[in-house]
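Peer 1: Order-wise, the sequence lines are chains A and B. With the numbering used here applied, the first sequence has no gaps in its numbers, which climb one by one up to 492 at the end. With the numbering used here applied, the second sequence has no gaps in its numbers, which climb one by one up to 492 at the end. Don't be surprised by glycine CBs; every beta carbon is placed ideally from N, CA and C. Input: one structure, supplied below.
Protein chains: 2
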Amino acid sequence: MARTKIKDILQREDNEYSVNIKGWVRSFRNNQFIALNDGSCMSNLQVVISLDTDPEIVKHITSGASLSIDGTVVPSQGKGQKVEVKAAKVEILGTCDPEKFPLQLKNRPSLEYLREIAHLRFRTNTFGAVFRVRHSLAFAIHRFFNERGFVYLHTPIITASDAEGAGEMFRVTTLPMENAPKAEDGGIDYREDFFGRSTNLTVSGQLEAELGAMAFSEVYTFGPTFRAENSNTARHLAEFWMIEPEVAFNDLKDNMDLAEDFIQYIIRYALENNREDLEFLAQRLEEEEKQKPQQERSEMGLIEKLEFVLNNKFERITYTEAIDILLQSTPYKKKKFQYEVKWGIDMQSEHERYLVEKHFKKPVIVTDYPKDIKSFYMRQNEDGKTVAAIDILAPGIGEIVGGSQREERLELLEQRMKEM
Amino acid sequence: MARTKIKDILQREDNEYSVNIKGWVRSFRNNQFIALNDGSCMSNLQVVISLDTDPEIVKHITSGASLSIDGTVVPSQGKGQKVEVKAAKVEILGTCDPEKFPLQLKNRPSLEYLREIAHLRFRTNTFGAVFRVRHSLAFAIHRFFNERGFVYLHTPIITASDAEGAGEMFRVTTLPMENAPKAEDGGIDYREDFFGRSTNLTVSGQLEAELGAMAFSEVYTFGPTFRAENSNTARHLAEFWMIEPEVAFNDLKDNMDLAEDFIQYIIRYALENNREDLEFLAQRLEEEEKQKPQQERSEMGLIEKLEFVLNNKFERITYTEAIDILLQSTPYKKKKFQYEVKWGIDMQSEHERYLVEKHFKKPVIVTDYPKDIKSFYMRQNEDGKTVAAIDILAPGIGEIVGGSQREERLELLEQRMKEM
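Right, dumping it as structure tokens:
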């Protein structure tokens with residue numbers, strides 16, 4: 073019989089049909105009730121085995137063991153599930169020594185502990201939920217851009233360019249480290265390296281995507297990028313997947329519309345397709361927050377935050393307006409901000425969160441930043457002080473999207489490059 | 073007015089409606105007819121401008137210039153297109169010096185020449201078609217696996233492991249090449265490198281995907297992989313995107329079914345969504361083949377090859393049967409094969425293409441290869457000589473998919489590792 077996934081069984085309204093299911097034992101109680109999980113969803117399926125099942129089989133039904141079960145889906149007698157499977161045949165595909173299996177703690181294992189058993193992490197509820205949500209978001213990203221006619225580009229990972237000087241780079245080389253060939257000037261002779269020159273891992277696909285946009289009008293990248301910064305914060309990763317759309321004919325307003333539509337589209341997709349995973353993560357977050365002092369806890373739960381972003385039209389204000397709001401704010405007047413507020417600063421998380429969470433109570437797009445804190449290629453505004461840049465600020469995080477209209481006037485671009 | 077893409081205009085059945093279009097001039101003739109392309113499809117849209125258009129504007133309508141045009145879609149007076157745009161307003165977004173623009177050769181520019189102007193390659197028909205098809209295939213890959221409930225994993229790019237010894241690796245490092253820190257034994261002290269150990273670019277996501285499959289049942293990777301082999305062939309790339317599905321409970325037949333369904337699904341998607349691009353590439357290939365001696369030309373055109381793979385159930389034979397067929401073949405008997413044929417060889421392209429193109433005239437899945445030419449982790453068959461491996465052979469290429477059922481019997485796996 074062809075295997076049926078647990079998710080499909082739990083989503084069906086009917087019962088009284090035959091199935092084969094395969095998965096891993098989460099728990100086994102009373103020598104009769106197996107909680108089986110196959111990773112297709114968070115929920116386990118309850119399997120009831122007959123009390124006269126061969127003891128040779130029963131003794132191998134332990135947490136972590138892999139089973140194949142033929143049976144019938146029937147209405148559940150017990151509480152907590154609508155249906156269960158009455159097993160007709162149980163086959164042990166893989167045994168698991170209960171003395172050695174490290175994932176049977178009654179309490180939730182810590183993330184630090186799970187690092188030590190990384191090969192089993194995917195089997196936990198937390199990693200399961202995170203990776204199912206990540207899958208959905210990745211698929212929604214591709215679907216969003218495909219529906220709008222964007223061309224997906226795989227930009228080079230190994231490159232000789234540095235995009236915008238976004239951070240420290242990883243070198244990629246096949247030269248011997250012990251004894252790299254020397255050039256006449258005493259430096260390394262990269263002509264002998266694999267590509268005949270010095271190369272590194274990409275920090276951004278922006279440069280190649282811009283060339284693509286000049287031919288396809290609308291392109292996007294979605295691939296790994298790398299930063300060799302030695303920062304241990306929740307916002308720094310050495311390796312991460314980044315999404316970079318580039319559109320040939322957009323002005324700043326078009327960019328804002330695109331970014332807002334995009335964020336709402338992928339959040340809606342996850343809420344519709346991963347409700348169970350998100351509810352688990354929301355509950356987990358809530359428990360974690362209980363460990364924190366009152367004033368550091370989020371005002372909103374995870375689902376609430378997502379719905380907040382989904383259901384509010386994003387507020388659009390200029391940087392200058394944002395600074396004015398901060399200068400008029402109670403925390404500023406009461407000297408509660410840790411960092412200085414004045415026109416020209418690169419806003420800190422506390423400022424961004426004040427704007428989003430306290431003042432507007434919706435996601436905020438800040439536009440027209442001072443040119444000195446943004447990249448040289450952003451389009452210069454008439455005022456001579458600001459550029460057509462945007463940052464999108466979201467609750468609990470701060471900046472989640474950064475972008476700009478590019479400077480298309482060659483003489484202004486060249487002048488800006490000379491200044492910097 | 074919001075911009076309309078050329079693809080959408082050409083796909084509509086009606087006309088007599090207002091549009092704004094934006095794109096790049098491919099050609100301009102008789103001071104009146106602009107062939108405009110925006111990359112949304114291969115075809116240009118003909119724009120007819122009034123003979124009394126401002127000469128200051130007309131002089132900037134040159135190949136490569138970027139325009140925004142407001143006008144009306146009307147039935148075309150001329151041949152070669154159903155509709156054209158009667159321009160009401162022409163705006164020059166970007167000028168292009170016709171003396172310097174390198175893409176106006178009447179003859180098709182060579183791929184070698186295009187390498188020198190890589191920033192403009194995307195604007196050619198060839199690169200346009202290739203990248204639109206690549207986009208479609210990438211999207212179809214994600215859609216195929218998503219529909220079947222596979223979880224998409226982003227496996228690490230920077231890694232300390234070597235998967236299956238698939239080839240030479242690129243080192244990733246932040247150590248100074250001129251003066252890398254030495255360990256006590258005289259080698260490099262990688263404890264001072266970014267990750268505290270020696271790392272390289274991944275050659276395969278297989279190891280991580282296998283762990284994912286042991287939790288989610290069905291996962292796939294689709295990301296860049298790297299081989300530092302110094303081979304200049306059409307089949308070797310230093311950096312390429314690879315798809316690796318891993319399924320927890322599949323046997324060899326399930327793997328074959330999955331691979332066959334997958335290949336047919338993505339080809340069908342491209343044929344349905346990129347007909348125009350594929351027809352262009354087919355014609356281009358045909359012209360290229362005319363330069364070759366008769367006996368080296370393909371028997372089938374590109375579209376024909378794709379339909380051949382789509383419309384034929386793949387033949388499934390064992391390696392042993394494949395060798396028997398080769399030993400009975402006319403080219404073998406007439407000593408036309410360049411490479412030896414006997415049980416135990418790693419089949420060459422000429423053997424694979426004989427099976428596909430001459431003998432079966434359909435794609436062929438060869439199973440149960442000799443264990444000595446396959447990886448240690450493939451499931452050992454009862455005969456003690458072969459393993460549960462598959463290669464899928466396609467016309468004109470040879471192997472396009474390789475796979476196996478993994479050895480799940482620990483003692484046999486360990487024994488095989490000792491032997492190798």
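Please determine whether the Cβ atom of residue 182 of chain A lies at a distance below 7 Å from any heavy atom of the ligand HEM.
Peer 2: For the structure depicted, the ligand HEM is absent and the ligand set is empty, with no information on it obtainable.
Peer 1: With a threshold of 7 Å on Cβ separation, who are the neighbours of residue 242 of chain A within its own chain once the five nearest residues in sequence on each side are excluded?
Peer 2: Taking the first sequence and counting its residues from 1, the one referred to as residue 242 of chain A is at position 170. Counting only Cβ-Cβ distances below 7 Å, and skipping sequence neighbours, we find 272, 273, 298 and 300.
Peer 1: When you compare the CB of residue 243 of chain B with every CB in chain A, is at least one pair closer than 8 Å?
Peer 2: Mapped onto the second sequence, residue 243 of chain B falls at position 171. So, interface residue.
Peer 1: In angstroms, rounded to a whole number, what distance separates the CA positions of residue 489 of chain B and residue 451 of chain B?
Peer 2: Working through the second sequence from its first residue, we reach residue 489 of chain B at position 417. Working through the second sequence from its first residue, we reach residue 451 of chain B at position 379. Distance between the alpha carbons of residue 489 of chain B and residue 451 of chain B is about 12 Å.
Peer 1: Pull up the DSSP beta-bridge partners for residue 99 of chain A, would you.
Peer 2: Position 27 of the first sequence, counting from 1, holds the residue named residue 99 of chain A. Paired residue(s): A:107.
Peer 1: If we require 4 or more residues per run, which alpha helix (DSSP H) segments fall completely within the stretch 332 to 367 of chain B?
Peer 2: Entirely contained in the stretch 332 to 367 of chain B, the alpha helix (DSSP H) runs reaching 4 residues are, in chain order, 347 to 361.
Peer 1: Alpha carbon to alpha carbon, what distance is there between residue 417 of chain A and residue 476 of chain A?
Peer 2: Residue mapping note: residue 476 of chain A aligns to position 404 of the first sequence, counting from 1. Residue mapping note: residue 417 of chain A aligns to position 345 of the first sequence, counting from 1. Distance between the alpha carbons of residue 476 of chain A and residue 417 of chain A: 18 Å.
Peer 1: Does DSSP put residue 78 of chain A in a helix, a strand or coil?
Peer 2: The residue given as residue 78 of chain A occupies position 6 in the first sequence. Helix, per DSSP.
Peer 1: Using 8 Å as the Cβ pair cut-off and three pairs as the minimum, do the stretch 242 to 261 of chain B and the stretch 148 to 160 of chain A touch?
Peer 2: Segments in contact, no.
Peer 1: State whether the stretch 93 to 105 of chain B contacts the stretch 115 to 123 of chain B, with contact taken as three or more CB pairs (one from each stretch) at a distance under 8 Å.
Peer 2: Touching, yes.
Peer 1: Taking any Cβ of chain A, which residues in the stretch 101 to 121 of chain B have a Cβ under 7 Å from it, in chain order?
Peer 2: Cβ contacts with chain A come from 110, 111 and 112.
Peer 1: Tell me whether the stretch 379 to 388 of chain B and the stretch 335 to 345 of chain B touch, counting them as touching only if at least three CB pairs, one residue from each stretch, are closer than 8 Å.
Peer 2: Result yes; three or more Cβ-Cβ pairs closer than 8 Å.
Peer 1: In whole angstroms, what separates the C-alpha of residue 412 of chain A from that of residue 427 of chain A?
Peer 2: Stepping through the first sequence from its first residue, residue 412 of chain A is reached at position 340. Stepping through the first sequence from its first residue, residue 427 of chain A is reached at position 355. Residue 412 of chain A and residue 427 of chain A: Cα-Cα distance of roughly 15 Å.
Peer 1: What residue from B:290, B:399, B:125 and B:173 has the CA that sits closest to residue 222 of chain B's CA?
Peer 2: As a first step, residue 222 of chain B is located in the second sequence; it is residue number 150 there, counting from the start. Checking every option, the nearest Cα to that of residue 222 of chain B belongs to B:290.
Peer 1: Near residue 269 of chain A, what residues of its chain come up, given a Cβ to Cβ distance below 8 Å and the 5 sequence neighbours on each side ignored?
Peer 2: Locating residue 269 of chain A in the first sequence gives position 197, where the first residue counts as 1. Correct list, in chain order: 232, 262 and 263.
Peer 1: Starting from the C-beta of residue 461 of chain A, find all residues in its chain whose C-beta is less than 6 Å away, skip the five residues before and the five after it, and write them out in chain order.
Peer 2: Sequence index remark: in the first sequence, residue 461 of chain A carries index 389 (1-based). Cβ within range, chain order: 441, 446, 450 and 476.
Peer 1: Using a Cβ-Cβ cut-off of 8 Å, state whether residue 435 of chain B counts as contacting chain A.
Peer 2: Taking the first residue of the second sequence as position 1, residue 435 of chain B is located at position 363. Closer than 8 Å: no.
Peer 1: Tell me which residues share the same chain as residue 203 of chain A and place their Cβ nearer than 7 Å to its Cβ, disregarding the 5 neighbours each side in the sequence.
Peer 2: The count along the first sequence starts at 1 and reaches residue 203 of chain A at position 131. Counting only Cβ-Cβ distances below 7 Å, and skipping sequence neighbours, we find 194.
Peer 1: Return the Cβ separation of residue 316 of chain B and residue 281 of chain B in integer angstroms, given the expectation that the two are a contact with Cβ distance under 8 Å.
Peer 2: Taking the second sequence and counting its residues from 1, the one referred to as residue 316 of chain B is at position 244. Taking the second sequence and counting its residues from 1, the one referred to as residue 281 of chain B is at position 209. Their Cβ separation, rounded to whole angstroms, is 5 Å, which keeps residue 316 of chain B and residue 281 of chain B in contact under 8 Å.
Peer 1: According to a CB-to-CB cut-off of less than 9 Å, which residues of the stretch 181 to 193 of chain A neighbour chain B?
Peer 2: Listed in sequence order: 190, 191, 192 and 193.
Peer 1: Measuring only the C-alpha atoms, how far is residue 279 of chain B from residue 206 of chain A?
Peer 2: What you label residue 279 of chain B is simply residue 207 of the second sequence in a count that begins at 1. What you label residue 206 of chain A is simply residue 134 of the first sequence in a count that begins at 1. Using only the alpha carbons, I get a separation of about 19 Å.
Peer 1: Rounded to whole angstroms, what's the CA-CA distance from residue 431 of chain B to residue 369 of chain B? Just pull it up for me.
Peer 2: Position 359 of the second sequence holds residue 431 of chain B. Position 297 of the second sequence holds residue 369 of chain B. Distance between the alpha carbons of residue 431 of chain B and residue 369 of chain B: 18 Å.
Peer 1: Find out if the Cβ-Cβ distance for the pair residue 105 of chain B, residue 135 of chain B is shorter than 8 Å.
Peer 2: Within the second sequence, residue 105 of chain B is the residue found at index 33, counting from 1. Within the second sequence, residue 135 of chain B is the residue found at index 63, counting from 1. No, Cβ-Cβ distance for residue 105 of chain B and residue 135 of chain B is not below 8 Å.
Peer 1: How far does the alpha helix (DSSP H) with residue 273 of chain B in it reach, from first residue to last?
Peer 2: Looking up residue 273 of chain B in the second sequence gives position 201. Counting along the chain, residue 273 of chain B falls outside any alpha helix (DSSP H), though it belongs to the beta strand (DSSP E) covering 271 to 273.
Peer 1: Mind checking who residue 225 of chain A pairs with in its DSSP beta bridge?
Peer 2: Taking the first sequence and counting its residues from 1, one reaches residue 225 of chain A at position 153. Partner(s): A:293.
Peer 1: Under three-state DSSP, which class holds residue 312 of chain A?
Peer 2: One-based indexing of the first sequence puts residue 312 of chain A at position 240. Strand.
Peer 1: In three-state DSSP terms, what is residue 280 of chain A?
Peer 2: As a working note, residue 280 of chain A is residue 208 in the first sequence. In this structure, residue 280 of chain A counts as helix in the three-state DSSP scheme.
Peer 1: So with Cβ pairs under 8 Å, would you call residue 211 of chain A a contact of chain B?
Peer 2: What you label residue 211 of chain A is simply residue 139 of the first sequence in a count that begins at 1. Yes, contact with chain B.
Peer 1: Could you name the residues that DSSP lists as bridge partners for residue 182 of chain A?
Peer 2: Here residue 182 of chain A refers to the residue found at position 110 when the first sequence is read from its first residue. According to DSSP, which records beta bridges pairwise, residue 182 of chain A is partnered with nothing at all.
Peer 1: For residue 459 of chain A, name the three-state secondary structure that DSSP assigns.
Peer 2: Residue 459 of chain A sits at position 387 when you count from the first residue of the first sequence. Note: residue 459 of chain A maps to strand in three-state DSSP.
Peer 1: Within its chain, find whatever has a CB closer than 8 Å to the CB of residue 230 of chain A; leave out the 5 residues flanking it on each side and keep chain order.
Peer 2: As a first step, residue 230 of chain A is located in the first sequence; it is residue number 158 there, counting from the start. Here the set comprises 244, 267, 271, 272, 273 and 274.
Peer 1: Considering only the alpha carbon of each residue, which of A:309, A:439, A:480 and A:425 lies closest to residue 470 of chain A?
Peer 2: Here residue 470 of chain A refers to the residue found at position 398 when the first sequence is read from its first residue. The shortest C-alpha separation from residue 470 of chain A is found at A:425.
Peer 1: Which term fits residue 467 of chain B, buried or exposed, when burial requires 16 or more other beta carbons within 10 angstroms of its beta carbon?
Peer 2: Stepping through the second sequence from its first residue, residue 467 of chain B is reached at position 395. It is buried - the Cβ of residue 467 of chain B has at least 16 other Cβ atoms within 10 Å.
Peer 1: Using 8 Å as the limit for Cβ to Cβ distance, is residue 202 of chain B near chain A?
Peer 2: The residue labelled residue 202 of chain B in the question sits at position 130 within the second sequence. No, because no Cβ of chain A sits closer than 8 Å to the Cβ of residue 202 of chain B.
Peer 1: Give me the Cβ distance between residue 79 of chain B and residue 113 of chain B, rounded to the nearest whole Å; I'm assuming they're in contact under 8 Å.
Peer 2: Taking the second sequence and counting its residues from 1, one reaches residue 79 of chain B at position 7. Taking the second sequence and counting its residues from 1, one reaches residue 113 of chain B at position 41. Contact holds; Cβ gap of about 4 Å.
Peer 1: Bridge partners for residue 170 of chain A per DSSP, in chain order?
Peer 2: Here residue 170 of chain A corresponds to residue number 98 of the first sequence, with the count starting at 1. In DSSP, residue 170 of chain A forms no bridge with anything.
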